[in-house]
Amino acid sequence: MNSENLIESFTEFAKHKNIDRPTMIRILEDVFRTMIRKKFFADENFEVIINVDKGDLEIWRYRQIVADLHEGFDENTQIKLTQAKKLEVDFEVGDKVAEEVKIFDFGRRVVQTARQTLIQKVKDLEKEILFTKYKDMVGEVISCEVYQILSKELVLVDGNKNELTLPKSEQIPKDRFKKGESVRAVIHRVEMVNGNPKIILSRTSPVFLEKLFEQEVPEIFEGLIMIRKIVREPGERAKVAVESYDDRIDPVGACVGMKGVRIHSIVRELNNENIDVINYTENIELFISRALSPAKISNIRIEATRGRASVFLNRDQVSLAIGRGGQNIKLASKLVGLEIDVFRESSEIEEDDEDVELTEFSDVIDSWIIDELKKVGLDTAKSVLAVSQEDLVRRTELEEETVEFVLDTLGREFE
61 MNSENLIESF TEFAKHKNID RPTMIRILED VFRTMIRKKF FADENFEVII NVDKGDLEIW
121 RYRQIVADLH EGFDENTQIK LTQAKKLEVD FEVGDKVAEE VKIFDFGRRV VQTARQTLIQ
181 KVKDLEKEIL FTKYKDMVGE VISCEVYQIL SKELVLVDGN KNELTLPKSE QIPKDRFKKG
241 ESVRAVIHRV EMVNGNPKII LSRTSPVFLE KLFEQEVPEI FEGLIMIRKI VREPGERAKV
301 AVESYDDRID PVGACVGMKG VRIHSIVREL NNENIDVINY TENIELFISR ALSPAKISNI
361 RIEATRGRAS VFLNRDQVSL AIGRGGQNIK LASKLVGLEI DVFRESSEIE EDDEDVELTE
421 FSDVIDSWII DELKKVGLDT AKSVLAVSQE DLVRRTELEE ETVEFVLDTL GREFE
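Here it is, written out as structure tokens:
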């Protein structure tokens, strides 16, 4: 392979990989200088001239002329006068000789190795460019196409056919995708695994929800409204605290949009995830009250040193504050940064002998759980509380975690 073919084939390959001209020349020169060092042990007195457009390569070796009997003669950097005069009779001691080195002087095997090295360097550079590109894009939303569906992850491809990964743990539980389908997700993190960039996406990250709001709500994108905090149970419920820097703009109304048009598109993207948009305030009691919406709070007691807040409500508001499966109170606690305990107002507490039907908790406890308890003769709150957790697990087909939640929910009713 001659130099022209070598450079042309490399240039075509590099352009296909979107490598710019200066980088192409740098890679070529690095490889040719490596060839020179292998053959001549040094490259300081060599000049490499490359024209990638024409495919031209020139390698010049410069040596100083010394007397034939010069002590400490170095063949690599020096040439004897007699030998120099064979090149040009006018040469004298002290002059410099420039000799062109042809690529076939290096041998066929060295040239083939150089070609493989050039290709490998471009591939390594391509990986580095891809890693840097996506590292700078962490936190941005990207749209990709499903390329392969695996048991633990989705393999996606971007517009340039680069592979990205959406792990099962970063998918919304209700997500169902088909090959060729378009998927939107946030770039979660970028890692180097065995020398290859691994781009990991997420649809469960709060950042994904934040970026969706930025795309749908111009006031957030322009900085007029700020998202202070987001907490999520992906696919189920989310709470978003927003604050307006312009008194004329209602942050909650702007996020919801006319007839809910803005928030509905976000909800659809998240497979009907319930989103509560809350007006942020520095007043912690007011913030807790808003966070527990739609429940109406009667009184709040803050214990800042313990990181807890006791919330008192009327009887009919307790289940609203807790929410289905405890989601509302759990997310509210995360949003305000305090552990929230819910209590009934003392004036609302009935006598100890009064019981409550389990069906009254149907907005908090799933109906199939209530049915399972009724099968073993437990149809009121107190009848369930009278049985130990171990016995409930043994007598029913409920998981220990479910039983614990039921006992906690029913117990709050009589606190």
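As numbered in my numbering, residues 61 to 475 make up the sequence shown, in order. Note that beta-carbon positions come from the ideal geometry of N, C-alpha and C, so glycine has one too. Note that the structure is a prediction, hence the values are computed from the model and not measured.
query, result
"Taking only three categories from DSSP, how would you classify H324?", "helix"
"Determine, using beta carbons only, whether L216 and L224 come nearer to each other than 8 Å.", "yes"
"Could you check which residue in R263, L178, E107 has the C-alpha nearest to that of G199?", "R263"
"Taking contact to mean 3 or more Cβ pairs, one atom from each stretch, closer than 8 Å, check whether the stretch 118-128 and the stretch 156-172 are in contact.", "yes"
"Report yes or no: do three or more beta-carbon pairs, one from the stretch 355-363 and one from the stretch 319-329, lie closer than 8 Å?", "no"
"Can you tell me whether DSSP reads E251 as helix, strand or coil?", "strand"
"Can you tell me the Cα-Cα spacing of R168 and I259, whole angstroms?", "40 Å"
"Would you kindly check if the distance between the Cβ of G386 and the Cβ of F465 is under 8 Å?", "yes"
"From what residue to what residue does the beta strand (DSSP E) around D478 run?", "The structure shown does not extend to residue 478, since the chain is modelled only from 61 to 475, so the question has no answer here."
"Which of the three DSSP states, helix, strand or coil, is assigned to R288?", "strand"
"Between the stretch 220-240 and the stretch 165-181, do three or more beta carbon pairs fall short of 8 Å?", "no"
"From Q449 to V463, what does the alpha carbon distance come to, in whole angstroms?", "7 Å"
"Would you kindly work out how many angstroms separate the C-alpha atoms of D431 and F403, rounded to a whole number?", "26 Å"
"Which same chain residues, not among the five before or five after D413, have their C-beta less than 7 Å away from its C-beta?", "In this prediction, D413 scores a pLDDT of 47, lower than 50, which makes its location untrustworthy; no coordinate-derived value is stated."
"Between the C-alpha atoms of R375 and E405, what's the straight-line distance to the nearest angstrom?", "7 Å"
"Using the DSSP secondary-structure output, state which residues sit across from R368 in a beta bridge.", "E363, E399"
"Classify M252: buried if its beta carbon has 16 or more other beta carbons within 10 angstroms, exposed otherwise.", "exposed"
"Applying the criterion that 16 or more other CB atoms from any shown protein chain within 10 Å of the CB defines a buried residue, is Y305 buried or exposed?", "exposed"
"Express the C-alpha separation of S229 and E408 in angstroms, rounding to a whole number.", "Because the pLDDT of E408 is 49, which lies under 50, any placement of that residue in the model is unreliable, and the number read from its coordinates should be weighed accordingly. One C-alpha to the other measures close to 44 Å."
"Starting from T462, trace the alpha helix (DSSP H) both ways and give me its first and last residue.", "460-473"
"Give the secondary structure of S353 by DSSP, where H, G and I count as helix, E and B as strand, and everything else as coil.", "coil"
"Compute the distance between the beta-carbons of R472 and D423, then report whether it is under 8 Å.", "no"
"Excluding the 5 residues flanking D155 on each side, which residues of the same chain have their C-beta closer than 8 Å to its C-beta?", "Q124, I125, A144"
"Under the assumption that R288 contacts E303 (Cβ atoms under 8 Å), give the Cβ distance between them as a whole number of angstroms.", "5 Å"
"Anyone know if the C-beta pair for L352 and A314 falls short of 8 Å?", "no"
"For a quick check, are the C-beta atoms of E274 and F268 less than 8 Å apart?", "no"
"When we look at the beta-carbon of S349 and count the other beta-carbons within 10 Å, is it buried (16 or more) or exposed?", "buried"
"With a cut-off of 8 Å on the beta carbons, I'd call E333 and A298 a contact; round off their distance for me.", "6 Å"
"Under a Cβ-count criterion, where at least 16 other Cβ atoms within 10 Å of its own Cβ denotes burial, should A369 be classed as buried or exposed?", "buried"
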